[in-house]
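First to last, the sequence lines map onto chains A and B.
For the first sequence, full-length UniProt numbering assigns the number 1 to the initial residue and increments by one for each residue that follows.
For the second sequence, full-length UniProt numbering assigns the number 1 to the initial residue and increments by one for each residue that follows.
The block underneath contains the structure these notes are about, expressed in structure tokens.
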Amino acid sequence: MNPPRPRQPDEHPDGIDLPLDRLPGHSSRGRLERVLRRGEFAVTTELNPPDSADPEDVYNRARIFDGWVDGINAVDASGANCHMSSVGICALLTRMGYAPIMQIACRDKNRIAIQGDVLGAAAMGVANILCLTGDGVQAGDQPGAKPVFDLDSMSLLETVRIMRDNGKFLSGRKLTTPPQLFLGAAVNPFAPPYDFRPVHLGKKIAAGAQFVQSQYCFDVPMFRTFMQQVRDRGYDEKCFILVGVGPLASAKTAKWIRSNVPGIHIPDSIIARLEGAQDQKKEGKQICIDIINEVKEIAGVSGIHVMAYRQEEYVAEIVDESGVLKGRRPWKREARADDQLVADRLEHLLHDDVTESQVDMVKTAH
Amino acid sequence: MVDTQPTVTQATLVKKAAPKSDYKPADVSPQRRVQRSYTIRLWSIRHSRLLEWFYSRFADMFLLLHPLWKKIGYGRVEAPIKFVEKRVKGLMFDCRMCGQCVLSSTGMSCPMNCPKQLRNGPCGGVRANGNCEVEPDMPCVWVKAWEGSRNMVKGDAILNVQKPVDQSLRETSAWLRVTAQAAATRETASKEVA
Chain A
1 MNPPRPRQPD EHPDGIDLPL DRLPGHSSRG RLERVLRRGE FAVTTELNPP DSADPEDVYN
61 RARIFDGWVD GINAVDASGA NCHMSSVGIC ALLTRMGYAP IMQIACRDKN RIAIQGDVLG
121 AAAMGVANIL CLTGDGVQAG DQPGAKPVFD LDSMSLLETV RIMRDNGKFL SGRKLTTPPQ
181 LFLGAAVNPF APPYDFRPVH LGKKIAAGAQ FVQSQYCFDV PMFRTFMQQV RDRGYDEKCF
241 ILVGVGPLAS AKTAKWIRSN VPGIHIPDSI IARLEGAQDQ KKEGKQICID IINEVKEIAG
301 VSGIHVMAYR QEEYVAEIVD ESGVLKGRRP WKREARADDQ LVADRLEHLL HDDVTESQVD
361 MVKTAH
Chain B
1 MVDTQPTVTQ ATLVKKAAPK SDYKPADVSP QRRVQRSYTI RLWSIRHSRL LEWFYSRFAD
61 MFLLLHPLWK KIGYGRVEAP IKFVEKRVKG LMFDCRMCGQ CVLSSTGMSC PMNCPKQLRN
121 GPCGGVRANG NCEVEPDMPC VWVKAWEGSR NMVKGDAILN VQKPVDQSLR ETSAWLRVTA
181 QAAATRETAS KEVA
């Protein structure tokens, strides 16, 4: 019989997959809010949503991040490409005790559907919601779809905040149990109008954002200027800022992203550095680690959001090698005590070469 | 895991698979944008301060005429006012008649011209040259809105968080609505004083 393992930080005493209790001053029951409010450097990442109806696909993709991240973004048809829905991914992840950050894009759903999804998600144990506008349908695999955009990211934030704080739908109808959520938004300091971007962040905070994840940061001086303006306005004290980072697979990919993915700014110096490298993939990872090491020192930065699309296997290495966790070990999925008992017993029966007689079993039982 | 990013997107594949024909629409927007140059709209944004001054006089005049509107009946004046409003604002701002005008809070740049109809600020997809992600030849409505608002006296109204659009008010007159609401607040205020 194995000794009981030490309890992880932010683990429910009755079972590792159970939702936590809400701490005073917190708005959600999630681990991400606890980590951020404790002042620890948070790491979040993004799950590449499968084009499949197999739950194992989601579990396998989430397992890669085990013990390295504080939250996993469940993307809502990013780039307007159709994949498993964020609600579906969150349903699977919460079942296993993971801390998903459910993204809601305004592109595909109107306010009726969105408010229903928020309640459903909160009921499943989703503690974090990221409110996004969403890419235009022209960017994706089904450009003929109807763009909905009934709400925008700002009014979506406000809608969810009203549901949480006032216990009401947008219509004013009462909720019997309001959702307990940690609200997030996205910022892109790397797209014009540059001097409006900090003000825009202020608007998002006013609408209800408690944490923000930024677009990919490849231009650290530009981000530094943005953060200076944010600090001047005191916004860094009102919300947690997570910087988006990620490895570039090659110079070719970088150029492709620059010209095809809206809103991602990659300076020439990064591309030149990639081109000059022997192993471009390794260099891409190194650039990512270097950027993390630079941005983590900027005042007002509370964490990083690692987006390693199709390079998810590097997230752990990037987090490890950049040392942002400072030895901290985020929550890791482990078997519940009773499941472990069954597993140990099976292991004993199947693999330990013993013949147990009833007489022996009675003796050990007493 | 695949090492490299696909060089063709799904969107290009879909476009390529579309049946070939002689008729190719010049520019199709999901918003059914009326094809016209943005010259007048951009002029309005450049002159946002003048228009702000003009609009405040104009709104005062409308409010002054409130007894008249009430006498004729707001329902009866709606059709002619809407006719004028739609054409004037359509020419000046490419108005979409959402019925809840926020031009004075958005630097005289109509946010309903944004393909995502964002009323609270730009999305993250604005191109480096300040053009729209969805319609590459159109200057981003919100880049222009920010520029326009900087010229205005009450330009900081751009910081207000706007409520979601009430779709049931589409194709109604914002002028009359604002006037009636202003008259109502004026009346309650005068009652409170009395």
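Even glycine gets a Cβ: it sits at the ideal position worked out from N, Cα and C.
Per the C-alpha coordinates, the member of A:Asp135, A:Arg29, A:Gly30 positioned closest to B:Leu118 is A:Asp135. At least one beta carbon of chain B lies nearer than 8 Å to the beta carbon of A:Ala207. For A:Asn73 against A:Ile101, the beta-carbon gap comes to about 5 Å, under 8 Å, which counts as contact. DSSP places A:Gln213 in the strand class (E or B) of the three-state scheme. Just so you know, the alpha carbons of A:Pro49 and A:Cys217 end up roughly 22 Å apart.
With respect to the 8 Å criterion, A:Arg31 and A:Asp10 are classified as neighbours on the basis of their beta carbons.
According to DSSP, residue pairing for B:Pro139 in a beta bridge involves B:Asn131. The three-state secondary structure of B:Phe93, taken from DSSP, is helix. Taking C-beta atoms as the reference points, B:Ala182 and B:Leu103 fail to come closer than 8 Å. Sequence-distant partners of A:Leu20 (beyond 5 residues in either direction) whose C-beta falls short of 6 Å from its own C-beta, in its chain, are His12, Arg29. With its beta carbon at least 8 Å from every one in chain A, B:Lys20 lies outside the interface. Neighbours of B:Ala128 in chain A, taken as residues at a C-beta separation under 8 Å, are given in chain order as Ala191, Pro192, His265.
CA-to-CA, the gap between A:Leu248 and A:Gly97 works out to about 30 Å. Under the Cβ distance rule, B:Gln162 counts among the residues neighbouring chain A, one pair being separated by less than 8 Å. In this structure, the alpha-carbon of B:Glu85 lies about 8 Å from that of B:Trp175. Just so you know, the alpha carbons of A:Asn110 and A:Phe169 end up roughly 14 Å apart. Contact between A:Val230 and A:Leu201 is confirmed by a C-beta separation of about 6 Å, below the 8 Å threshold.
Taking 8 Å as the cut-off between beta carbons, the residues of the region 93–123 of chain B near chain A are Pro115, Lys116, Gln117, Leu118, Arg119, Asn120, Gly121, Pro122, Cys123, in sequence order. Within the model, the alpha-carbon separation for A:Arg22 versus A:Ile304 is close to 24 Å.
Counting along the chain, A:Ile64 sits inside no alpha helix (DSSP H), nor does DSSP assign it H or E at all. Under the Cβ distance rule, A:Gly136 counts among the residues neighbouring chain B, one pair being separated by less than 8 Å. Going by DSSP, A:Thr45 is part of the beta strand (DSSP E) stretching over 42–47.
Shown here for A:Glu294: same chain residues with a beta carbon closer than 7 Å to its own, the five before and five after excluded, namely Val220 in chain order.
From the listed residues A:Ala254, A:Ile129, A:Ala121, the smallest Cα separation to A:Ile271 is found for A:Ala254.
Apart from sequence neighbours up to five positions away, the residues of its chain that approach B:Gly121 with a beta-carbon distance below 7 Å are Trp142, ordered along the chain.
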